[in-house]
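One structure is given here, and the rest of the page talks about it.
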Amino acid sequence: MDHESATHNTDIMTITRHVLNEQSKYPESRGDFSILLSHIVLGCKFVCSAVNKAGLAKLIGLAGETNVQGEEQKKLDVLSNEVFVKALVSSGRTCILVSEEDEEAIFVEPSKRGKYCVVFDPLDGSSNIDCGVSIGTIFGIYMIKDGGEPVLEDVLQSGKHMVAAGYCMYGSSCTFVLSTGSGVNGFTLDPSLGEFIMTHPDIKIPKKGKIYSVNEGNAKNWDGPTTKYVEKCKFPTDGSSPKSLRYIGRYIHFPFLKS
């Protein structure tokens, strides 16, 4: 491949294109999930922009403070929550929203209801902004049972019943990772296009690695096997080199996937 074709790839797999390709596998699909996801992606783009200019815009001030114009400032996690709630409701495809920022679940008004329940943390790790540590949005999507009014039990389901789950990580680049139950794919936001482009197809966790990640602050609460495993990572008895410790970033568990 010459330089010209390498720098001007015209066959771009955007997240929208990927989701529509998946949708085409299900003839009965009406596109509701695709519309819902597009609103989640929009929310992530907004938060990414807000995170990038948080220092300049003083969005990390305490909620309730006022700026020099006398306008009320909002903490970035509060702002992010408002953005996602409005985006999800306006999609017309949700009925229950459960946010880490809100005490109670939000039941969407009947005229704007759909069949999906979304659970999310709009900005996990927002306290890390000042020190440049990764922060991100985490979400999971369930479908309510057919018929009847939506009830809280519709979101109190096992993770294996999720329709989709994912996260968007805001750092040196903006990365959106998504699974709809048949593998995990990663997309990176191209600022020049304003689109998430597939950059990490079919992500797999290696069977073995040289790095372990654990919160040592919880060591006193670990059970025996966990303590023994971490000790082995630090002081291997088989002659191998100790593993490196990395504990930074956001993590998500896809309970319906098998490695």
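The opening residue of the sequence shown carries number 695 in the numbering used here; numbering runs sequentially from there.
Every residue, glycine too, gets a C-beta built ideally from N, C-alpha and C.
On a predicted model such as this, the values are computed, not experimentally measured, just so you know.
Can you give me the C-alpha to C-alpha distance between residue 838 and residue 935, rounded to a whole angstrom?
Working through the sequence shown from its first residue, we reach residue 838 at position 144. Working through the sequence shown from its first residue, we reach residue 935 at position 241. Each residue's alpha carbon lies about 49 Å from the other.
Out of 781, 889 and 719, which has the shortest C-alpha to C-alpha gap to residue 729?
Reading the sequence shown from its first residue, position 35 is the one you call residue 729. Among 781, 889 and 719, the Cα nearest to that of residue 729 belongs to 781.
If we call anything under 7 Å between Cβ atoms a contact, is residue 821 one with residue 863?
The residue you call residue 821 lines up with position 127 of the sequence shown. The residue you call residue 863 lines up with position 169 of the sequence shown. Taking 7 Å as the Cβ cut-off, residue 821 and residue 863 do not qualify as a contacting pair.
Span separating the alpha-carbon of residue 663 from that of residue 843:
Residue 663 lies beyond the residue range present for the chain, which begins at 695 and ends at 953; the question has no answer from this structure.
Put residue 809 into one of helix, strand or coil per three-state DSSP.
For this step, residue 809 is matched to residue 115 along the sequence shown. Correct three-state label for residue 809: strand.
Exposure label - residue 939; buried when at least 16 CB within 10 Å:
For the purposes of this step, residue 939 is taken as the residue at position 245 of the sequence shown. Exposed, since its Cβ has fewer than 16 Cβ neighbours within 10 Å.
Can you give the beta carbon distance from residue 708 to residue 890, rounded, assuming they're within the 8 Å contact cut?
The count along the sequence shown starts at 1 and reaches residue 708 at position 14. The count along the sequence shown starts at 1 and reaches residue 890 at position 196. That belief holds up - the Cβ atoms of residue 708 and residue 890 are roughly 6 Å apart, short of 8 Å.
Out of 784, 814, 834 and 803, which has the shortest C-alpha to C-alpha gap to residue 797?
Counted from its first residue, the sequence shown places residue 797 at position 103. Checking every option, the nearest Cα to that of residue 797 belongs to 814.
Tell me, please, whether the stretch 737-746 touches the stretch 868-886 by the rule of three or more beta-carbon pairs shorter than 8 Å.
yes
Environment of residue 922 [buried if 16+ CB atoms lie within 10 Å]
Taking the first residue of the sequence shown as position 1, residue 922 is located at position 228. Exposed, because fewer than 16 other Cβ atoms sit within 10 Å of the Cβ of residue 922.
So, for residue 906: in the same chain, excluding its five sequence neighbours on each side, which residues have a beta-carbon less than 8 Å away from its beta-carbon?
Locating residue 906 in the sequence shown gives position 212, where the first residue counts as 1. Contacts found: 924, 927, 937, 938, 939 and 940.
Return yes when the Cβ of residue 786 is within less than 7 Å of the Cβ of residue 809, no when it is not.
The residue labelled residue 809 in the question sits at position 115 within the sequence shown. The residue labelled residue 786 in the question sits at position 92 within the sequence shown. Taking 7 Å as the Cβ cut-off, residue 809 and residue 786 do not qualify as a contacting pair.
If you run the structure through DSSP and keep just helix, strand and coil, what is residue 843?
Taking the first residue of the sequence shown as 1, we reach residue 843 at position 149. Coil.
Alpha carbons only, please: which of 865, 836, 845 and 850 is nearest the one belonging to residue 856?
Taking the first residue of the sequence shown as position 1, residue 856 is located at position 162. The option with the nearest alpha carbon to residue 856 is 836.
Round the Cβ separation of residue 745 and residue 823 to the nearest angstrom and send it over; I've been treating them as touching at under 8 Å.
Numbered from its first residue, the sequence shown carries residue 745 at position 51. Numbered from its first residue, the sequence shown carries residue 823 at position 129. With 8 Å as the limit, residue 745 and residue 823 qualify as a contact, their Cβ atoms being about 7 Å apart.
In three-state terms, what does DSSP make of residue 704?
As a working mapping, residue 704 is identified with position 10 in the sequence shown. Residue 704 falls in the coil class under three-state DSSP.
Sequence-distant residues of the same chain with beta carbon closer than 7 Å to residue 812, five excluded per side:
For this step, residue 812 is matched to residue 118 along the sequence shown. So the list reads 782, 788, 791, 833 and 835, once near-sequence residues are dropped.
How should residue 896 be labelled, buried or exposed, when 16 other C-beta atoms within 10 angstroms of its C-beta is the threshold for buried?
Residue mapping note: residue 896 aligns to position 202 of the sequence shown, counting from 1. Exposed.
State the beta-bridge partners of residue 856 as determined by DSSP.
Position 162 of the sequence shown, counted from the start, is the residue given in the question as residue 856. None; residue 856 has no bridge partner.
Three-state secondary structure (DSSP) at residue 874?
The count along the sequence shown starts at 1 and reaches residue 874 at position 180. Reduced to three states, the DSSP call for residue 874 is coil.
Residue range of the beta strand (DSSP E) that includes residue 833:
Your numbering for residue 833 matches position 139 in the sequence shown. Per DSSP, residue 833 belongs to the beta strand (DSSP E) from 829-837.
Nearest neighbour of residue 803, chosen from 858, 888, 845 and 713 [CA to CA]:
Against the sequence shown, residue 803 aligns to sequence position 109. Nearest of 858, 888, 845 and 713 to residue 803, Cα basis: 845.
Closest Cα partner of residue 747 within the set 865, 799, 850 and 878
Position 53 of the sequence shown holds residue 747. Among 865, 799, 850 and 878, the Cα nearest to that of residue 747 belongs to 865.
Within its chain, find whatever has a CB closer than 6 Å to the CB of residue 800; leave out the 5 residues flanking it on each side and keep chain order.
By 1-based counting over the sequence shown, the position of residue 800 is 106. Around residue 800: 791.
So is residue 713 buried or exposed if we call it buried at 16+ other beta carbons inside 10 Å?
Counted from its first residue, the sequence shown places residue 713 at position 19. Buried, because 16 or more other Cβ atoms sit within 10 Å of the Cβ of residue 713.
Measure the C-alpha to C-alpha separation of residue 858 and residue 879 and round it to an integer number of angstroms.
By one-based count along the sequence shown, residue 858 stands at place 164. By one-based count along the sequence shown, residue 879 stands at place 185. If you take the alpha carbons of residue 858 and residue 879, they lie about 12 Å apart.
What would DSSP say about residue 879, mapped onto helix, strand or coil?
Mapped onto the sequence shown, residue 879 falls at position 185. Of the three classes helix, strand and coil, the one that applies to residue 879 here is strand, per DSSP.
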